[in-house]
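Taking it in order: structure first as structure tokens, then the write-up.
Protein chains: 2
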Amino acid sequence: MVKTYEKKGLTKKSENISDWYHDVVLRAGLADYSEVKGAMIIKPDGYSIWEKVQSILDSWFKKDGVRNVYFPLFIPYSLIKKEKEHLQGFSPELAVVEHAGGEKLSEPLVIRPTSETIMYKTFVDWIQSWRDLPLKVNQWCNIVRWEKRTYPFLRTSEFLWQEGHTVHRTPGEAEEMVLKALGWYKKFYEDYFALSVYAGLKSKGETFAGARETYSIELVMPDGKALQAATSHNLSDNFSKVFGIEFLDETGKKVNPFQTSWGLSTRAIGGLVLTHGDDSGLVLPPKIAFTQVVILPIVSKDVKIQEKISQKTAEIHSELVEKGINAVIDDDFKSSLGFRINKWELKGVSLRLELGAKELESETIQYVRRDNFEKGQLKFAGLEKSVADLLEQIQSDLYKKSEETKLALTLEADEIHEFKRILGKQKAFIRVPWCEDLECENRVKADTKATPRVLELENINQNEDLKCFACGKKARRKWLFAQSY
Amino acid sequence: MVKTYEKKGLTKKSENISDWYHDVVLRAGLADYSEVKGAMIIKPDGYSIWEKVQSILDSWFKKDGVRNVYFPLFIPYSLIKKEKEHLQGFSPELAVVEHAGGEKLSEPLVIRPTSETIMYKTFVDWIQSWRDLPLKVNQWCNIVRWEKRTYPFLRTSEFLWQEGHTVHRTPGEAEEMVLKALGWYKKFYEDYFALSVYAGLKSKGETFAGARETYSIELVMPDGKALQAATSHNLSDNFSKVFGIEFLDETGKKVNPFQTSWGLSTRAIGGLVLTHGDDSGLVLPPKIAFTQVVILPIVSKDVKIQEKISQKTAEIHSELVEKGINAVIDDDFKSSLGFRINKWELKGVSLRLELGAKELESETIQYVRRDNFEKGQLKFAGLEKSVADLLEQIQSDLYKKSEETKLALTLEADEIHEFKRILGKQKAFIRVPWCEDLECENRVKADTKATPRVLELENINQNEDLKCFACGKKARRKWLFAQSY
């Protein structure tokens, strides 16, 4: 394995994961800092990942009958303050417009930190009878939440996301929708980002401002910290009561419907980089990589052989492209082979193929996997198939590795001393019996910086006779706690 | 022809096109007013048109090597004021954030009215040598330009658009790019929106703030007014000099590159509605319609026949869908046939198929074209093919009609009295010999509200010995003037 980080001056991931992360995001060309503190520029290679996210999720949403809409960026302050908890939750992060078109506005406008209030005010007009339900809409848009400490992708004052909003006749239908959305996110992370996740219910202290229940996807970062990677909220009839959304049911009675909202943001890309990346740079799962394969022809001094190498390279390239594989050729012979290799390793391209005189003669091509640097030979005959198989193998191996890391970083504790002893040595997810009390939650947070991340879906119906790890009161379910990004 | 507007209370297009437009946009479910003055909600049927626009243009951009990016919503005031003309052009329309995260910002942030300044500041770092050129990026995003008088889609304080930005080594390459983008827009309007357009060069007074030359697409609205429907700017080295973008050319000399920017916005949807719509509502060209065909089964009192009708309806539906045609069934038998017909006419669905006992027996289905209300019968055998052919015919007939309207509303004048006489009778595009002088332009505008819309591409090389229609000075080319939206 070539220790390319030395040449490129990349910080080692194991030495300082935060510096490493900044280095990789910038050098691999995913993002750039901007003139505005806390706002980020998403560069073409970074944006291409977001476009993949969009195309996959959007197709699932549409298949389920969710339709895309666009609501205004601006929310009148009087509207956002209608739901009190909601306002409290977002108040410290709001950006406000008071002047526009050269005049002072009669009422300040808030830049959307999320769109519940502006949407639900309108849903009042859209919904009359049970025939108008379920209403299922989604929007892909930018969001502003002013942050003091920012990281590219992980926490920025402006970010991109999708927000789904649905309205249902019954609490049961709403709950079903909430879990369906959570299922999409889980499947997306597992099947495309090759990330093993925890999916489950949030504690009271971590519930979305205004929601009855929040479910989330939590990623276990390589440093043992948690990254909340998508959320799905059961809003019950909380907002519909506050905003006056009503429908006539089949008996002619006016009823407040039940709502959900769910979102996934560009933050996902940060989780992807943090988990799979290594000391050589980015590692992208083949299914979401803009470039899946790079072919490097190797210089030969013999002009005739050089010509044949170039010819074969072009041939292989078009075979792969025809098979639907995103392959590129790097024949920048002015740069050394090492330089070219480092460049594509940094960018995380899943598979490298090298073709020189030796390979030409043996009718094989050398491959190097980006995920584990494994080398091998592939025969020219049937190359598209072997490459496609290798890409699939890389995808599933990345997932397996992510699952192993997740499990290795998930520990168990029964009481607070053990809990603290673990956190004293390393950051990790710790599964503990917990009383689910908000006061207890706040005490643990103040004491250890760890918060309940999630009650795993499979533990929701747990009903054991346990003792809370922190306060000793009765507990019936085991929750995952961790420090979070 | 059923005069459905009476039943629906739609204003007649010929009586008051402005009221008619509002009625159609709202009732057909394209958009809704929002709580924020001048901002609009794009509803699912409206947004689906925008998604079509996006998918078509985006595929053309990508094929040309343009890559998508995302730059921040906020632009520091110090940055936007760097290019003086640019600031002057946008200053009256800016929305400004002075408070965020509960604090007063050290510098006000402007919400992007366009992204030249924030992008080009960054291009300084992205471009070092001639090898980095051309740089071609695009972003799909929201834009804010505060407007006093607003119309849904046509003029809103917030709108959606794409903005392409490219950087080139030579003025020639930049000019080529500007014309290529203009060509995309022209092709898009003609082939998808079925709109005949004028494409050409803008006058000095209408040139983008900071550009050397602006080209545009102008639509002739049915009331004879002009709608600027896309623009493509040759920025020359104006911005690159102001922002200090430089590259080392092949001789090792530092040079300012040449830039372009080009955009098309949700305003396009307004042009589409205004042109094709009629007294019954929206008329959508099949290629961009979310629903292309609606099948209406007709109630029969005979239960057995009713069953057969439903069965055949479902059969036809799946045949059409299999062929890639977006078809829906409306079997809402609680509503009258007339009600169902009006509903789908209002929504602009290109083709209506009606299936009752009579049709079942004759093994034909009745069709009604939305564009001209022409009725006819189609045999069950080979129905998918006949429907596909009809949709193509509708698409091309709509274009022809748009072309005829355009030509009928384009008149000629040689001097100002004739020009005014025409405008006294009707609004229209008027082709006139013009001196191209800014002072003359301003005088005509003050006097007649008409402005030079465009110098048609095919007239750019015109060099005749003419007299300016307005001031009598020498003129060498004929321009199109009109009042604009």
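Which chain is which? The protein sequence lines are A and B, in order. Residue numbering for the first sequence follows my numbering, starting at -2 and increasing by one per position. Residue numbering for the second sequence follows my numbering, starting at -2 and increasing by one per position. Cβ atoms here follow ideal geometry from the backbone N, Cα and C, with glycine treated the same way.
Glu215 of chain A CB to nearest chain B CB: under 9 Å?
no
If the cut-off is 7 Å on Cβ atoms, which residues from the segment 111 to 136 of chain A count as contacting chain B, listed in chain order?
Per Cβ criterion, the list reads Ile115, Lys118, Thr119, Val134.
When burial is assigned at 16 or more other CB atoms within 10 Å of the CB, is Val384 of chain A buried or exposed?
buried
Rounded C-alpha distance that separates Gly169 of chain B from Lys199 of chain B:
19 Å
Taking the Cβ atom as the reference point for each residue, do Gln225 of chain B and Ser481 of chain B lie within a distance shorter than 9 Å?
Judged by their CB atoms, Gln225 of chain B and Ser481 of chain B are nearer to each other than the 9 Å cut-off.
Using beta carbons (cut-off 9 Å, strictly below), is Val296 of chain B in contact with chain A?
no
Helix, strand or coil for Glu12 of chain B per DSSP?
coil
Nearest-angstrom Cβ-Cβ length linking Val175 of chain B and Ser229 of chain B, presumed shorter than 8 Å:
5 Å
Between which two residues does the beta strand (DSSP E) containing Met37 of chain A stretch?
37 to 39
Using DSSP's beta-bridge definition, name the partner residues of Pro449 of chain B.
B:Phe478
Nearest-angstrom Cα separation, counted from Glu461 of chain A out to Lys470 of chain A
13 Å
Can you name the residues that DSSP bridges to Arg349 of chain B?
B:Val291, B:Val365
Look up Thr257 of chain B in the DSSP assignment and say whether it is helix, strand or coil.
strand
Verify the CB distance criterion: does Ile72 of chain A have a CB-CB separation below 9 Å to chain B?
yes
Going by C-alpha to C-alpha distance, which of B:Phe255, B:Leu216, B:Glu304, B:Glu187 sits closest to Pro283 of chain B?
Ranking the options by Cα distance to Pro283 of chain B, first place goes to B:Glu187.
Looking at the C-beta of Ala385 of chain B, does it have a partner C-beta in chain A at a distance below 9 Å?
no
Minimum Cβ-Cβ distance from Trp17 of chain A to chain B less than 9 Å:
no
Pick helix, strand or coil for Leu245 of chain A, following the three-state DSSP scheme.
strand
State the beta-bridge partners of Thr228 of chain B as determined by DSSP.
Beta-bridge pairing links Thr228 of chain B to B:Ser213, B:Gly260.
Residues in the segment 312 to 338 of chain B with C-beta within 7 Å of chain A's C-beta atoms, listed in sequence order?
Under the 7 Å Cβ criterion, the segment 312 to 338 of chain B contributes no residue.
Could you tell me whether the Cβ of Arg64 of chain A comes closer than 9 Å to any Cβ of chain B?
Taking 9 Å as the CB threshold, Arg64 of chain A lines the interface with chain B.
Of all the residues that make up the segment 18 to 33 of chain B, which are near chain A by a beta-carbon distance shorter than 7 Å?
Asp29, Ser31, Glu32, Val33
Does the distance from the C-beta atom of Lys424 of chain A to that of Gly221 of chain A stay below 9 Å?
With contacts defined by Cβ atoms closer than 9 Å, Lys424 of chain A and Gly221 of chain A form a contacting pair.
Can you pull out the residues from the segment 86 to 100 of chain B whose beta carbon lies closer than 9 Å to at least one beta carbon of chain A?
Ser88, Pro89, Glu90, Leu91, Ala92, Val93, Val94, Glu95, His96, Ala97, Gly98, Gly99, Glu100
Check for me: the alpha helix (DSSP H) holding Val63 of chain A runs from which residue to which?
Segment: none, Val63 of chain A is in no alpha helix (DSSP H) and carries neither H nor E.
Of all the options B:Asn369, B:Glu342, B:Leu375, B:Arg349, which has the alpha carbon lying nearest to the alpha carbon of Leu357 of chain B?
Checking every option, the nearest Cα to that of Leu357 of chain B belongs to B:Leu375.
Would you list the one or two residues that DSSP bridges to Leu133 of chain A?
First, the amino acid is wrong: residue 133 of chain A is Lys here, not Leu. Beta-bridge pairing links Lys133 of chain A to A:Thr163.
Any residues in the segment 37 to 58 of chain A with a beta carbon nearer than 8 Å to a beta carbon of chain B? Which ones, in chain order?
Met37, Ile38, Ile39, Lys40, Pro41, Tyr44, Ser45, Trp47, Glu48
List the whole-angstrom C-beta distance separating Tyr67 of chain A from Tyr44 of chain B, where the pair is believed to meet the contact cut-off of C-beta under 8 Å.
6 Å
Contacting positions in the segment 222 to 249 of chain A - beta carbon closer than 7 Å to chain B
none
Assuming Ile38 of chain A contacts Pro131 of chain B (C-beta within less than 8 Å), just tell me the rounded distance between them.
So it is not a contact: roughly 19 Å between Cβ atoms.
Does the structure place the segment 104 to 113 of chain B close enough to the segment 5 to 24 of chain A that three or more beta carbon pairs sit under 8 Å?
no
Tell me whether Met(-2) of chain B is buried or exposed, calling it buried when 16 or more other Cβ atoms sit within 10 Å of its Cβ.
Residue confidence is low: Met(-2) of chain B scores 33 on pLDDT, short of 50, so the model does not pin down where it sits. Its coordinate-derived value is still stated next. Result: exposed.
Anything in chain B within Cβ reach of Lys145 of chain A, meaning under 9 Å, just list it in chain order.
Near Lys145 of chain A (Cβ distances below 9 Å), the residues of chain B are Gly98.
Beta-carbon neighbours of Glu155 of chain A, restricted to chain B and to distances below 8 Å
Pro69, Leu70, Phe71
Would you call Lys403 of chain B buried or exposed, if buried means 16 or more other Cβ atoms sit within 10 Å of its Cβ?
buried
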